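Everything on this sheet refers to the single structure shown next.
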Amino acid sequence: MENTKRKTSTGKQIFRIVLLVGTVISLWFVPWILVKAWIVPLPDTVQEQVDQTLSYGFDGVIVYVDEAGKPPAFYTAGYHNRELEIPAKPDALFKIASISKLYVAVAITKLATDNRLSLDKTLADYFPELVGRIENADNITLRMMVQHRSGIPNFTDNTDFWKNQPNTNTDVLQYALDLPADFEPNKDYGYSNTNYLLLSRIIENVTGGSRQDYFKKEILNPFGLTNTFGSLDDVNLDDVMSGYYVGDEKDFKNENQGMMIATAEDVGIFLRALNDGSLLNEKEMELYASIYEFNHGGLAPGYQCMAEYHEDIDAVVIQFMNTTDFEGYQWNLLQITHSRVVKIIREAKGL
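Letter by letter, the sequence shown follows residues 79 to 429 of this note's numbering.
And the structure:
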């Protein structure tokens, strides 16, 4: 009996040692900048937190906070333009990248509710020419595309897409054509920018105008969002925040990827309207909630952003950061610093 107890005790000790060694080894491979961002004491104010982010290698930061019952607050740090040493501007235009998917999903919802398109129709119904070019085109529904359950390859995962940056005058859809599906339709989830590229084209086919024209009519104009644009072509470049890539002196502001441009305030007003039901009627809201999400992030060379509504504190927090990297550490830092801003707001409310 005594030998059994000793063996059990020895086994537990060995297990603890192995666990400790494993933890030490795993921490060795965790970038310490991420650990630091997590463990440094939480500042008392949002502005102090925004200032702190510069120590993690960001060139410029904009944070917009809309708490119910309070005027919107703007926080900035760093540069709007590093070379010219122009300080970050709260009203700067910014490439919002995949945050635009929220606008597309809203548009698809409105058109579906108006019976101008059907979520149960297939990609082939709208683009028969893609049969044989996109696998399963005749079985992929619009609903699957909205939900990233189509299996259509992501064109930004194609190495040729990046070799040919900035893909000027190139139809980027070609980087998703004639490839095997990632999975059978509706059998898995796979985030794919190609889904939303095609959905945007369906919006244009159905409405007979540009995607941005429909956005203006149904989303932007009703809420006075005059600082949201369809692409870099529609704005004064001086108003756009510069974008940088770690290890590269180039300013990515001038690269026109055709993505939406907006101020943090415009994104914040849109996000609150989406979440509080003022953007969608009851029927539309029910449909939207069944097909897509209410918060989103965005990432493009030189630009990353986060747009979130937090119901428990009834607050919208928009964060723009104009520095990205190959490893993805900057994206992790965006998530960490964003969560800390939210925590500061919660603590100020006594939560």
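Note that CB positions come from ideal geometry on N, CA and C, so glycine has one too.
Everything numeric in this text was worked out from a predicted model, so none of it was measured.
Item to complete: Could you check if Thr-415 is buried or exposed, using at least 16 other CB atoms within 10 Å of its CB as the buried criterion?
Response: Position 337 of the sequence shown holds residue 415. Result: buried.
For Leu-42, count the other beta carbons within 10 Å of its own beta carbon; 16 or more makes it buried, fewer makes it exposed. Which is it?
Residue numbering for the chain in the displayed model covers 79 to 429; residue 42 lies beyond these limits and cannot be assessed.
**Item:** Beta bridge counterpart(s) of His-388 as assigned by DSSP
**Value:** Taking the sequence shown and counting its residues from 1, the one referred to as residue 388 is at position 310. DSSP, once it has assigned bridges, lists Ala-393 as partnering His-388.
> Under 9 Å, do Met-384 and Val-139 count as touching if we go by C-beta distance?
Replying inline: To locate residue 384, count along the sequence shown from 1; it is residue 306. To locate residue 139, count along the sequence shown from 1; it is residue 61. Contact: no.
> Would you call the segment 336 to 343 and the segment 303 to 323 touching, i.e. three or more CB-CB distances under 8 Å?
Replying inline: yes
Check: What are the boundary residues of the alpha helix (DSSP H) that includes Phe-152?
Finding: Here residue 152 corresponds to residue number 74 of the sequence shown, with the count starting at 1. Annotation: Phe-152 is outside any alpha helix (DSSP H); the continuous beta strand (DSSP E) that includes it extends over 151 to 159.
Expressed to the nearest angstrom, what Euclidean distance is found between the alpha-carbon atoms of Leu-120 and Gln-127?
Taking the first residue of the sequence shown as position 1, residue 120 is located at position 42. Taking the first residue of the sequence shown as position 1, residue 127 is located at position 49. Taking the straight line from one Cα to the other gives about 8 Å.
Original post:
Nearest-angstrom Cα distance between Ile-103 and Ser-417?
Top reply: Position 25 of the sequence shown holds residue 103. Position 339 of the sequence shown holds residue 417. Unreliable placement is indicated for Ile-103, whose pLDDT of 39 sits below 50; no coordinate value is reported for it.
Gln-243, buried or exposed, once every other Cβ within 10 Å from all chains shown has been counted against 16: In the sequence shown, residue 243 corresponds to position 165, counting from 1. Exposed: under 16 other Cβ atoms inside 10 Å.
**Report entry** Inside the segment 257 to 340 only - alpha helix (DSSP H) runs reaching at least 4 residues
**Finding:** 271 to 285, 289 to 293
Select from Gln-382, Thr-234, Leu-303, Asp-403 the residue whose C-alpha is nearest the C-alpha of Ile-347. Your numbering for residue 347 matches position 269 in the sequence shown. Residue Leu-303 is the option with its Cα nearest to Ile-347.
| How big is the Cα-Cα spacing for Lys-148 and Ile-177? | Taking the first residue of the sequence shown as 1, we reach residue 148 at position 70. Taking the first residue of the sequence shown as 1, we reach residue 177 at position 99. Between Lys-148 and Ile-177, the C-alpha separation is close to 25 Å.
**Asked** When you compare only the Cα positions, how much space is there between Ala-185 and Asn-334?
**Response** By one-based count along the sequence shown, residue 185 stands at place 107. By one-based count along the sequence shown, residue 334 stands at place 256. Using only the alpha carbons, I get a separation of about 23 Å.
(request) Please classify Gln-125: does DSSP put it in a helix, a strand, or coil? (result) The residue labelled residue 125 in the question sits at position 47 within the sequence shown. Gln-125 falls in the helix class under three-state DSSP.
**Message:** For Ile-174 and Phe-136, what's the separation of their Cα atoms in angstroms?
**Reply:** Here the question's residue 174 lines up with position 96 in the sequence shown. Here the question's residue 136 lines up with position 58 in the sequence shown. Computed Cα separation, rounded: 17 Å.
Open item on the list: What does DSSP give as the partner residue(s) for Leu-501 in the beta ladder?
Closed with: An answer regarding residue 501 cannot be provided, because it is not within the stretch 79 to 429 covered by the chain.
So Tyr-157 and Ile-164 are supposed to be a Cβ contact under 8 Å. How far apart are they, rounded? Locating residue 157 in the sequence shown gives position 79, where the first residue counts as 1. Locating residue 164 in the sequence shown gives position 86, where the first residue counts as 1. The pair is a contact, with the Cβ atoms about 6 Å apart (cut-off 8 Å).
Exercise. Touch check for the segment 252 to 265 and the segment 223 to 236: three-plus C-beta pairs under 8 Å?
Worked result: yes
Checklist line | Beta-bridge pairing of Gln-382 - partner residues as DSSP gives them | finding: By one-based count along the sequence shown, residue 382 stands at place 304. Per DSSP, Leu-377, Met-399.
Review point. For Trp-106, is the classification buried or exposed, using 16 other Cβ atoms within 10 angstroms of its Cβ as the cut-off for buried?
Key: Position 28 of the sequence shown, counting from 1, holds the residue named residue 106. For Trp-106, the predicted model reports a pLDDT of 42, less than 50, meaning its position is unreliable; a value from the coordinates is still stated below. Counting Cβ neighbours within 10 Å, Trp-106 comes out exposed, since fewer than 16 surround it.
Which residues does DSSP list as the beta-bridge partners of Thr-200? One-based indexing of the sequence shown puts residue 200 at position 122. Thr-219, per the DSSP bridge assignment.
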